[in-house]
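Peer 1:
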Amino acid sequence: MIQPPEVSGTTGPDGAPAPDVDAVCLGESMVTFLPRLPGRLADVPSFDRAIGGAESNVACTLARTGHTTRWISRVGTDGFGDHLLAAIAGCGVDVGHVRRDPRRPTGVYFRTAGDRATATHEVAYYRAGSAASAMTADGLDTAAVHSGRILHLTGITAALSAGCLGLLRELTARRPGRPLLSFDVNYRPGLWRDTARARVLLDLARGADLVFVGGDEARDAWGLTGPRAIREALPEPHTLVVKQGETGATVFRRTGEPGARRDDTTFVPALHVDPVAATGAGDAFAAGFLSATLRGLPDRARLRHGHLQAAAALTVPGDLATPPARPYADRLAALDDSAWERLHLAPGWTDADASGHRAEEEVPTQ
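Residue 284 in the numbering used here sits at position 288 of the sequence shown; the count goes up by one each step and never skips.
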C-alpha cells in the first residue's frame, strides 16, 4: 500500500529507505524570454530572460516555502543549460541529478505579455529535439526519482517524445514502494495534434495518487464538464483536485474501506486578485497544495494554500513569484470564510509581511 506523504517514519513504504527530500519533480524546464513591451512577437523589440517549466516551477516554489526538493531533467551543455541549473539551484532546489546532453540543446521559448487565455497571446516554442525530450524509461535513475516523499509529474512531459511518454507510463504504473505520485494534467493543445491523442493524459492520471486538473482542461481534452463528471472518469486517484478558475477549486478525497469507499468533497472559493499574468499560476497552486499536504494540513487548508500561491504567481509577470512567508500564509489560510472571501490581493502583496507580523487586513488592495 502506498502511504500518504504525511505519514512519517524511519523507512519508506515496504521497508524502503526513508526519503531524503520532501519532493522530487521531473520534467523539462526552458529558458523563457518575456517581452519588455506589450504587442505581437513580431513587434516586440527586446525581451528579458527568465526560466519556465511546470515541474521546476513547483520545485522552486516548494523550496522557497521551506521544503527540500530535487529537480530531475536533462539540459544541454550550452549556456542556457548553465543558466537553468544556476537559477533553479538558486531557489534552493537540488539539481545534482540533472543530466547534461552534449548533443542536444536546452529548450527555449518566447511569449507575449498577454494572458494565455486571450486570442492575442502568442507562444513560440523552440524545444523540438531538446535535451529533455530525450528522457526515457531506460535512462531512469530510479533511486533518485523515488528519493522524495512526493514525486510530481505533469502531462507536458508525455507530449515531448515517444521516449518521454514511455517514461511517464513507467512512472505512473502502480507498483509497491513508489512515493506518493502527484500528477498535474497540464493539457497544452499546442503540444498535442488532436484531442484523441490527448486522452493518453487520462490514462496517466488514473495511475496517480493525487491529480490536479483544470475544469477547462478536462472539457477540452476529454469532453468532460463539471467536477463530478471528472471524478467519475478518474475514480482511481486517492485525491483529485479540480481547479475551476476564478470560481475556486474542489478536492475529492477517497475514504473508507474497499467495497465501502466514498469521497469527502471540499470546495474553497478562489481569491480576488489583480492579475499581471496567468503563466505559472497552476504550477504555484499545485505547489501550495503539495506544501500543505507535506505538512499534514486538512483539505480546506490545502486548497487555500494553493489559492494563495496561485495569487502570488498571478501578480508577477514571470513564471515564478516570491511566495508569502509561511506564518503570513498560514494566518491568511486560517481566516474565517467571510474574511477569506473579502481578501483582494494586488501586485506586491507577498512583500507585505516578510517578517510574518503584518495584519491580514493590511494586505495591499486596489
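Built from N, CA and C at the ideal position, the CB exists for glycine as well.
Would you identify the three-state DSSP class for W336, choosing helix, strand or coil?
Peer 2: The answer is helix: DSSP assigns W336 an H, G or I state.
Peer 1: For F43, which residues of its own chain have a beta-carbon under 8 Å away from its beta-carbon, when the five flanking residues on both sides are left out?
Peer 2: If we look at F43 and ignore the five residues flanking it on each side, its Cβ neighbours are F29, L30, P31, R32 and F106.
Peer 1: What runs of the beta strand (DSSP E), each 3 residues or longer, lie entirely inside the region 171 to 253?
Peer 2: Whole beta strand (DSSP E) segments, 3+ residues: 176 to 180, 206 to 210, 235 to 239 and 244 to 251.
Peer 1: Could you tell me which residues DSSP pairs with A19 in its beta bridges?
Peer 2: The partner list for A19 (beta bridge, DSSP) reads T65 and I146.
Peer 1: So, does the CB of R224 fall closer than 8 Å to a CB anywhere in chain B?
Peer 2: Chain labels in this structure do not include chain B; a single protein chain is all it has.
Peer 1: Starting from the Cα of R145, find the closest Cα among H340, C56, L290 and S25 and give me that residue.
Peer 2: Minimum Cα distance to R145 is reached at L290.
Peer 1: Quick one: what does DSSP say E358 is sitting in, helix, strand or coil?
Peer 2: Its pLDDT being 44, under 50, E358 is placed unreliably in this model, and the value from its coordinates should be taken loosely. E358 falls in the helix class under three-state DSSP.
Peer 1: Going by C-alpha distance, which of V181, F248, P265 and V264 is nearest R257?
Peer 2: Comparing Cα positions, the closest option is F248.
Peer 1: Measure the C-alpha to C-alpha separation of L328 and A140 and round it to an integer number of angstroms.
Peer 2: The straight-line gap from Cα to Cα measures roughly 35 Å.
Peer 1: With DSSP run on the structure shown, which of helix, strand or coil describes V89?
Peer 2: Of the three classes helix, strand and coil, the one that applies to V89 here is coil, per DSSP.
Peer 1: Identify whether H117 lies in helix, strand or coil by the three-state DSSP scheme.
Peer 2: If DSSP states are grouped into helix, strand and coil, H117 belongs with coil.
Peer 1: By DSSP, does L367 sit in helix, in strand, or in coil?
Peer 2: One cannot answer for residue 367 here, as it falls past the ends of the chain, which runs -3 to 362.
Peer 1: Going by DSSP in three states, P271 sits in which element: helix, strand or coil?
Peer 2: Three-state DSSP puts P271 in coil, outside helix and strand.
Peer 1: Cα separation between F281 and L316?
Peer 2: The straight-line gap from Cα to Cα measures roughly 12 Å.
Peer 1: In this structure, does DSSP put L341 in helix, strand or coil?
Peer 2: It is a strand residue.
Peer 1: Could you name the residues of the same chain whose beta carbon sits closer than 7 Å to that of L187, not counting the 5 residues immediately before and after it, in chain order?
Peer 2: Same-chain partners within the cutoff: I152 and A155.
Peer 1: Taking all protein chains shown into account, decide if P41 is buried (16 or more other Cβ within 10 angstroms of its Cβ) or exposed.
Peer 2: The residue in question, P41, is exposed, as its Cβ has fewer than 16 Cβ neighbours within 10 Å.
Peer 1: Closest by CA to N182, which one among E51, H340 and T65?
Peer 2: Closest by alpha carbon: E51.
Peer 1: Out of T346, L310, P320 and R338, point me to the one whose CA is closest to A109's CA.
Peer 2: Of the listed residues, the one whose Cα sits closest to A109 is L310.
Peer 1: Between the Cα of S126 and the Cα atoms of R70, A225, V119 and P319, which residue gives the shortest distance?
Peer 2: It is R70.
Peer 1: Can you tell me where the beta strand (DSSP E) holding A46 begins and where it ends?
Peer 2: Per DSSP, A46 belongs to the beta strand (DSSP E) from F43 to G48.
Peer 1: Taking 8 Å as the cut-off, decide whether the C-beta atoms of L286 and S178 are in contact.
Peer 2: Cβ atoms of L286 and S178: closer than 8 Å.
Peer 1: Check whether the Cβ atoms of G241 and G276 lie closer than 8 Å to each other.
Peer 2: Contact flag unset, no.
Peer 1: Please classify A124 as buried or exposed, where buried requires at least 16 neighbouring CB atoms within 10 angstroms.
Peer 2: Its Cβ having fewer than 16 others within 10 Å, A124 is exposed.
Peer 1: For G244, I'd like the list of residues in its chain whose CB is within less than 7 Å of its CB, leaving aside the five on either flank, ordered along the chain.
Peer 2: The answer, listed in chain order, is F263, V264, P265 and A266.
Peer 1: Determine the DSSP secondary structure at R291, reduced to helix, strand or coil.
Peer 2: In the structure shown, R291 sits in coil (DSSP, three-state: anything other than H, G, I, E or B).
Peer 1: Taking the alpha-carbon of A283 as reference, which of A306, D137, A83 and G252 has the nearest alpha-carbon?
Peer 2: Nearest of A306, D137, A83 and G252 to A283, Cα basis: A306.
Peer 1: Just list the residues that DSSP pairs G72 with in beta bridges.
Peer 2: Per DSSP, D97.
Peer 1: Along the chain, where does the beta strand (DSSP E) containing L30 start, and where does it finish?
Peer 2: Start and end: M26 to P31.
Peer 1: Excluding sequence positions up to five away, which residues of its chain have a Cβ less than 6 Å from the Cβ of T64?
Peer 2: Closer than 6 Å at Cβ, skipping near neighbours: V17 and D18.
Peer 1: To which residues of the same chain is A85 closer than 8 Å at the C-beta, ignoring the five residues directly before and after it?
Peer 2: V91.
Peer 1: Report the option in Y324, E337 and L331 whose CA atom is closest to the CA atom of Y345.
Peer 2: In the sequence as displayed, the identity of residue 345 is Trp instead of Tyr. Of Y324, E337 and L331, the residue nearest in Cα terms is Y324.
Peer 1: According to DSSP, P265 sits in a beta bridge with which residue or residues?
Peer 2: Looking at the DSSP assignment, P265 forms a beta bridge with G244.
Peer 1: For the beta strand (DSSP E) containing R107, name the first residue and the last one.
Peer 2: Counting along the chain, the beta strand (DSSP E) containing R107 begins and ends at V104 to R107.
Peer 1: Taking D180 and R227 to be in contact with their CB atoms under 8 Å, please state how far apart those CB atoms are, rounded to whole angstroms.
Peer 2: D180 to R227, Cβ: 16 Å. No contact.
Peer 1: Between the Cα of L80 and those of R99, V104 and A158, spot the shortest distance and give me the residue it belongs to.
Peer 2: The residue with the shortest Cα to Cα distance from L80 is V104.
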